[in-house]
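Here the numbering used here is used: the first residue of the sequence shown is 1, the next is one more, and so on. To keep things clear, I will list the structure first and then write my remarks on it.
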Amino acid sequence: METPIAVTDPVKNFVANNSRCAEIFAELKIDFCCGGDQPLLSACEENNLEPDKVYQRLMALLAEASTYEEDVSGMSTTELTHHIESTHHVYLKEALPRLSALMDKVQQAHSSRHPELVQLQAVFKGVREDLEPHLMKEERILFPLIRSMELDFQGLQAGAAQGPIRMMRHEHDELGVLLKEMRALANEYVAPEDGCQSFELLYKELEALEQDTHLHIYKENNLLFTAIA
């Protein structure tokens, strides 16, 4: 942990010090990506959590070394765009079609007893339809622009990325709403007792998708985009 941090600091500051704080926030249902500017104190109060206990838990984690997050937070904007593409974008391009096939299988087998699967499939389809063009816009438009800006020593392109960044932030907010809806439909990703192994795997993989996407959005909103503003 490099800098002192208090319970009144924004949630995003904890994740910036150690990315594993994201796991605690996910468990406690505290939004650290789109809602990362909210102070930890008020986030705990909104979720009926004891701020002191949550803070102490986070501080214990922050006491551990985290070279991974230090490396990420110390990256240049160009390095960060490459990191996001090679980790989160690669993951999504593999996971989304695989999850679509698994969703089809589980929905066909279990929707008669679990009709919520029909709506869950529809929301997941919306998530995929939002994410795939979002990744393309980042890779073809925003990230190349950010890389060129880092080489623009005279500042001729200053401000050129602000329009695309506003669009990406808006899409992140919309995606956050869909992820919350998906979690609610999936009973907090707890599979029913009569669910088969595929059912359990689906919920496990959907939760992994949610966690990775939250961290992905956090890195863009709170590290990459703020470095350009």
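Cβ atoms here follow ideal geometry from the backbone N, Cα and C, with glycine treated the same way.
To the nearest angstrom, report how far apart residue i and residue j are at their CA atoms.
i	j	result
Ser-148	Leu-117	45 Å
Ser-42	Lys-204	30 Å
Arg-140	Val-72	22 Å
Glu-138	Pro-144	8 Å
Val-54	His-83	30 Å
Leu-61	Gln-108	42 Å
Glu-69	Ser-112	Low per-residue confidence applies at Glu-69: pLDDT is 49, beneath 50, and the placement is therefore not dependable enough to give any value.
Leu-135	Ser-86	12 Å
Ser-66	Ser-19	Model confidence at Ser-66 stands at a pLDDT of 48, short of 50, so the residue's coordinates are unreliable and nothing is read from them.
Val-123	Met-182	6 Å
Arg-166	Cys-34	13 Å
Gly-126	Leu-179	10 Å
If we count the other Cβ atoms within 10 Å of its Cβ and call it buried at 16 or more, is residue i buried or exposed?
i	result
Asp-37	exposed
Met-103	buried
Asp-194	exposed
Thr-8	exposed
Asn-222	buried
Val-190	exposed
Once the 5 residues before and after residue i are set aside, which same chain residues still bring their CB inside 8 Å of it?
i	result
Arg-57	Ile-24
Excluding the 5 residues preceding and the 5 following residue i in the sequence, name in chain order all residues of the same chain whose CB lies nearer than 6 Å to its CB.
i	result
Leu-215	Ala-22
Arg-98	none
Considering only residues of the same chain and omitting the five flanking positions on each side of residue i, which have a CB-CB separation below 7 Å?
i	result
Ala-186	Leu-120, Tyr-203 and Leu-206
If I follow the unbroken alpha helix (DSSP H) through residue i, where does it start and stop?
i	result
Phe-143	143 to 150
Ser-100	90 to 110
* So, do the region 129 to 136 and the region 165 to 176 have three or more beta carbon pairs nearer to each other than 8 Å? -> Segments in contact, yes.
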